[in-house]
Amino acid sequence: MALLVLAGAGAAISNFAASSDRKLAWVGSYPRALQVEPAGSPAMAEAAPPAVQRKQPSVQTSAMPATSSASSSAVGFPATPPATPPAVPPAADTAGLARAFPPHPDKPAVEIAPADVERLYRGKALFLDARRSSVYAEGHIAGARSFPVWESDIDARVKGLYEEGLDQKAPIVVYCSGGTCEDSHMLAEKLYMVGFDNVLIYKDGFPDWQKRALPSSKGANP
């Protein structure tokens, strides 16, 4: 009987010692008692799953074609054409016109020949049409401004031209219907009175311009 008691006591001590080496580990939602083995032990080595070797995806690189117009054409892309600079309109020949047509402060105007009118037009001199605005709208020198000397607002137009701050010694061409028309001379007088010293009269006027097939426009605007 004594031997049985001693044997039971030994088994209890053994079970208690073993329980001190056990811990709870979570598996899913429930804890489960696992036997904790020391690191590096044969049991842990056998239990550990083999390491998985991940293969890195292999990327094959190839030489890219040079980004030039020649190589672009070789691979099927159109070559980029060089940029074309915008056309620059010719500048006004202010200095050349001033030398060829100097101011004349001692008289209101000077009559000029048709060839001089063309040169002044190419040099972008200011052209003023002295005819009535209704006649101007039917046809006028392209770019010429309407200054109808017989209409009530002519003085306001002349004043407005003066207030633009233009060079008063630069050539200004005025014209009307040619022949016996005196509208251009009357406009020249008004311009001279506000200080414009280089007014030139196209005596043959718009009819001559049309005969020469030079640029013309219609409407109320230049």
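In the working numbering, each residue carries its 1-based index in the sequence shown increased by 5. Backbone N, C-alpha and C define an ideal beta-carbon position, used for all residues, glycine too.
Tell me whether the beta-carbon of residue i lies closer than 8 Å to the beta-carbon of residue j.
i: valine 204; j: leucine 125; result: no
i: tyrosine 197; j: alanine 135; result: no
i: aspartate 188; j: valine 154; result: yes
i: aspartate 110; j: aspartate 172; result: Before going on, a small fix: residue 110 reads as proline here, not aspartate. Taking 8 Å as the Cβ cut-off, proline 110 and aspartate 172 do not qualify as a contacting pair.
i: leucine 102; j: proline 176; result: yes
i: alanine 193; j: alanine 114; result: yes
i: proline 227; j: alanine 161; result: no
i: lysine 208; j: glutamate 116; result: yes
i: glutamate 168; j: arginine 137; result: no
Which of the three DSSP states, helix, strand or coil, is assigned to residue i?
i: arginine 150; result: strand
i: aspartate 172; result: coil
i: histidine 145; result: strand
i: proline 90; result: Here proline 90 scores only 44 on pLDDT, less than 50, and its place in the model is too uncertain to base an answer on.
i: proline 212; result: helix
i: serine 157; result: coil
i: serine 138; result: helix
i: serine 182; result: coil
i: isoleucine 177; result: strand
i: histidine 190; result: helix
So residue i is in the beta strand (DSSP E); what residue range does that whole segment cover?
i: aspartate 134; result: 131-134
i: leucine 205; result: 204-207
i: valine 199; result: Unbroken run through valine 199: none, as it is neither H nor E.
Between which two residues does the alpha helix (DSSP H) containing residue i stretch?
i: alanine 100; result: 99-105
i: valine 122; result: 119-127
Based on DSSP bridge pairs, tell me the residues matched to residue i.
i: alanine 114; result: Val204
i: serine 221; result: Ile146
What is the C-beta distance between residue i and residue j, in whole angstroms, given that I count them as a contact (C-beta under 8 Å)?
i: glycine 210; j: serine 182; result: 5 Å
i: phenylalanine 152; j: isoleucine 159; result: 7 Å
i: lysine 195; j: proline 108; result: About 17 Å separates the two Cβ atoms, so there is no contact after all.
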